[in-house]
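Down below is the structure, laid out as structure tokens.
Residue numbers (my numbering), protein chains in the order written: chain A, 71 to 320; chain B, 3 to 613.
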């Protein structure tokens, strides 16, 4: 009898505690783990080159992104300005894209951008961009972009980088970029074919992870119709230069 | 060669100088006094804990830390088995906080996980925790809010058995932790945006040239090819290293040298807890044999070892019996060998013993890729489903073309020569086929372990064949059986997955933010949890609210609250779903948990079926 009473009391206590549990208002409870967003501004190349025509050229190549693991907004800008040549800054590309992580190491981007010479009288080229970026086997960092302008002219820009670790804070980085015109562009004076290749080698020393000055060399060769035009003007189709710059991010 | 020097140099850079030692000392916990404890002490009831933020100034820069009752780590809480614990926690921070009682079996609403157990403790609020203690042993407590655990929101919790017998003349509690002057949010961000940020022990081209010299071009090429194809780093042992951490023993670093006193001839119980956010430690006391008597607070049959690896959130109780009138070094080295912390076990204050020479990083071997021959023998026929991102690495190639791969890193092929000389025991998971998602668990998983296998007989990376007897999970035998000998009615398989490039961590390739509901357990059921590690890292997996009995081939089984799973390992655990409510289940690497390696387990009465 006594035992039975104890048991029923116990059962009542258990069921009331269960009921209390079920009735708890959780509306103001936080999520046990919240998703965080991150961003980064990466100046992959911020450099001055001196080429074999004794010209000094300032070059930048910057990527900024913000978002989660799968979905990001990416801003890419690349361009150069030759010192004392009287010509305006040349914007090779500036675009804003939506980026989606397609597989472990690869993401695809789609966006809009503008390129051309930054002078008031020049007409800038507006384009849509579709990119594939990521890490290929053997740690090759790849950036492949298809640019299509308002006239439907198509350009294909490719960059590949690799980092050899010399020490824990110094790197030797070969870099290859190949620009190809898939179609002619009468308006912007481009003819179909491989336009140029550029090969670079940089020695980079990290001061901290976020700040790494470097020295390097590059060689650039114009090809196809672009080279023919240069030859007609009596210009060299190849160029060699030395580089000093810094890779930094925050 | 230069490796040792450079890691030593880095340690000195990251080490606490006398200046910062001062700032650490201000908050060093008072409970960790050198005498230790000779009898049971019960904390006054109710226990009052005050959570404060406290700035550290160090060389002009300042760091945030959290103190509990003015100490960092927090006070040692002592209870006695059978008593009711009443603990008032007052939040003096500017943000919500919480305390989770790690390893304590209690009602779900007392478990201290904001969003699951309760709403959290708001700034200025006091929350009363109240629960019966029906267990004894060595445990700890820590915040389950944000990244607070990294900045000192943790402390040890010891429960004396009801009969008061601790099986020793004296006891010391040793709480290991990893402290950083960096804001933990900065650490997390650096992991997210810059892979390998904290690793200063990567392979250089000179390591490759050395390999070519030693092993020949073809073998070197074969090995490099595999890692490079997969875009994996064999030296990615720890995500966060001594480059940013100072390792602490009871809140003191190696310079401050925490002291534990003993009388020669005494039997001493060391209660070892790893309260780190991200650091596995290898612990030993040169000159002394340690007899492991409890794992995760639960008694095991005594096993004598000379070194043990303690994963994050685990605890081990060891008995040592120093007879000499001399000091001994308590040495805890981080698994990636980037740093260490030492203390001293000494008969007289002020004595020290030699600090052992530092070891260098060991690279992960092919075993981490699960391509060994043994895995096939154990019935995993599923190697055809290799992730498309993995190169086609067939086993015959492995075994015939690559004979000269460093055997010290592949000791699973040679169990008879293993560390402690014992054969792997037969475990149930050997005969359980493993299933991978058709898509290889998606972008969240950089690899899948094609042939996962039991590795409970292995001491782990960097501890193989080191001449010492090292504790392995297979050594653990429960001191008793735990009352439920039913066969499991179902198997629940979960894969540990990750993508280092974006620092995504998950179960089954799906981050917590992407899952649509909890994992359902039916109240009263007995089930087998199978964990498969599809990553190249070790993960300490923790289940709240219920014990996990490790199926390691021993009887009785040992039971644990945290199980460390090696790369390419599969392990099985038996669970009695006897605790109603919602419970956290996660990787106890703090930043892995926050990156998504977290699930909710919901125990309810019937109705739910998990396929």
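C-beta: ideal position from N, C-alpha, C; glycine also.
Coarse secondary structure for residue i, derived from DSSP in three states
i: residue 405(B); result: Caution is warranted here: a pLDDT of 32 is assigned to residue 405(B), below 50, making its placement in the model unreliable, and the coordinate value is therefore given only provisionally. Three-state result, residue 405(B): coil.
i: residue 562(B); result: strand
i: residue 215(B); result: helix
i: residue 305(A); result: coil
i: residue 5(B); result: Confidence in residue 5(B) is poor, its pLDDT being 38 and thus under 50, which makes the residue's placement too unreliable to answer from.
i: residue 482(B); result: coil
i: residue 119(B); result: coil
i: residue 444(B); result: helix
i: residue 451(B); result: coil
i: residue 73(B); result: strand
i: residue 598(B); result: coil
i: residue 414(B); result: Caution is warranted here: a pLDDT of 38 is assigned to residue 414(B), below 50, making its placement in the model unreliable, and the coordinate value is therefore given only provisionally. Reduced to three states, the DSSP call for residue 414(B) is helix.
i: residue 396(B); result: Residue confidence is low: residue 396(B) scores 36 on pLDDT, short of 50, so the model does not pin down where it sits. Its coordinate-derived value is still stated next. Of the three classes helix, strand and coil, the one that applies to residue 396(B) here is coil, per DSSP.
i: residue 201(A); result: strand
i: residue 476(B); result: helix
i: residue 388(B); result: In this prediction, residue 388(B) scores a pLDDT of 35, lower than 50, which makes its location untrustworthy; the coordinate-derived value is nonetheless stated afterwards. Three-state result, residue 388(B): coil.
i: residue 514(B); result: helix
i: residue 207(A); result: helix
i: residue 249(A); result: strand
i: residue 300(A); result: helix
i: residue 430(B); result: helix
i: residue 112(B); result: helix
i: residue 543(B); result: strand
i: residue 135(B); result: coil
i: residue 68(B); result: strand
i: residue 613(B); result: With a pLDDT of only 42 at residue 613(B), under 50, the local geometry of the prediction cannot be trusted, and the value read off the model is given with reservation. Of the three classes helix, strand and coil, the one that applies to residue 613(B) here is coil, per DSSP.
Contacts around residue i, its chain only, beta-carbon distance under 8 Å, and the 5 residues preceding and following it disregarded
i: residue 529(B); result: 490, 491, 492, 493, 494, 523, 576, 577 and 579
i: residue 54(A); result: Residue coverage of chain A in this structure runs from 71 to 320, which leaves residue 54(A) outside it and unanswerable.
i: residue 456(B); result: 380, 426, 429, 431, 432, 571, 572 and 573
i: residue 317(B); result: 105, 139, 140, 141, 142, 273, 274, 275, 276, 296, 297, 298 and 299
i: residue 543(B); result: 498, 533, 564, 565, 566, 567, 587, 588, 589 and 590
Nearest-angstrom beta carbon gap, residue j and residue i [assumed within contact, 8 Å]
i: residue 541(B); j: residue 567(B); result: 5 Å
i: residue 454(B); j: residue 571(B); result: 6 Å
i: residue 287(B); j: residue 246(B); result: Not quite, the Cβ-Cβ distance comes to about 27 Å (not below 8 Å), so this is no contact.
i: residue 175(A); j: residue 556(B); result: Residue 175(A) to residue 556(B), Cβ: 41 Å. No contact.
i: residue 366(B); j: residue 538(B); result: 6 Å
i: residue 165(A); j: residue 111(A); result: Actually they do not touch by this definition, with Cβ atoms about 16 Å apart.
i: residue 178(B); j: residue 334(B); result: 5 Å
i: residue 307(B); j: residue 479(B); result: Actually they are not in contact, since the Cβ atoms of residue 307(B) and residue 479(B) sit about 14 Å apart, beyond 8 Å.
i: residue 107(A); j: residue 136(A); result: 7 Å
i: residue 169(A); j: residue 144(A); result: 5 Å
i: residue 450(B); j: residue 438(B); result: 5 Å
i: residue 240(B); j: residue 206(B); result: That pair is no contact at about 18 Å.
i: residue 85(B); j: residue 135(B); result: 6 Å
Cβ shell of residue i (< 6 Å), same chain only, five flanking positions each side left out
i: residue 254(B); result: 30 and 260
i: residue 233(A); result: 241 and 243
i: residue 103(B); result: 143
Close-in-space but distant-in-sequence residues of the same chain around residue i (CB under 7 Å, 5 per side omitted)
i: residue 307(A); result: 291, 292, 297, 300 and 301
i: residue 66(B); result: 55, 57, 153 and 185
i: residue 105(B); result: 141, 298, 299 and 563
i: residue 551(B); result: 484, 559, 561, 575 and 576
i: residue 188(A); result: 158, 159 and 161
* Output, in sequence order along the chain, the residues in the region 113 to 143 of chain B whose CB is closer than 7 Å to any CB in chain A. => 115, 116, 117, 118, 121 and 122
* To do: Please list the residues of the region 214 to 245 of chain B that have a C-beta atom closer than 7 Å to any C-beta atom in chain A, keeping them in chain order.
  => 230, 231 and 233
* **Contact set between the region 111 to 125 of chain A and chain B, restricted to residues whose Cβ is under 8 Å from the partner** => none
* **Residues in the region 473 to 507 of chain B having any Cβ partner in chain A nearer than 7 Å** => 501, 503, 504 and 506
* **Selection of the region 206 to 230 of chain A by Cβ proximity to chain B, strictly under 9 Å** => 206, 207, 208 and 209
* Asked: Listed from N- to C-terminal order along the chain, which residues in the region 448 to 468 of chain B have their beta-carbon within a distance smaller than 9 Å of any beta-carbon of chain A?
  -> 448 and 449
* Uninterrupted beta strand (DSSP E) stretches inside the region 293 to 381 of chain B (no shorter than 3 residues) -> 300 to 307, 309 to 312, 317 to 322, 330 to 336 and 342 to 348
* **Sequence ranges, alpha helix (DSSP H) only - wholly within the region 159 to 233 of chain B, length at least 4** => 186 to 195, 207 to 217 and 219 to 232
* Of the residues that make up the region 279 to 298 of chain A, which ones have a beta carbon closer than 7 Å to any beta carbon in chain B? -> 279
* Asked: What are the residues of the region 235 to 250 of chain A that lie near chain B, defined by any Cβ-Cβ distance shorter than 7 Å?
  -> 235, 236, 237 and 238
* **Completely contained beta strand (DSSP E) runs for the region 119 to 181 of chain A, where each covers 3 or more residues** => 126 to 137, 141 to 152 and 160 to 173
* According to a CB-to-CB cut-off of less than 8 Å, which residues of the region 163 to 185 of chain A neighbour chain B? -> 171, 172, 173, 174 and 175
* Check each residue of the region 134 to 146 of chain A: if its Cβ is closer than 7 Å to any Cβ of chain B, include it; give the result in chain order. => 139
* Asked: Using Cβ-Cβ distances below 8 Å, what residues of the region 186 to 199 of chain B are close to chain A?
  -> 190, 191, 192, 194, 195, 196 and 199
* Could you name the residues of the region 267 to 285 of chain B whose beta carbon sits closer than 7 Å to any beta carbon of chain A, in the order they occur along the chain? => none
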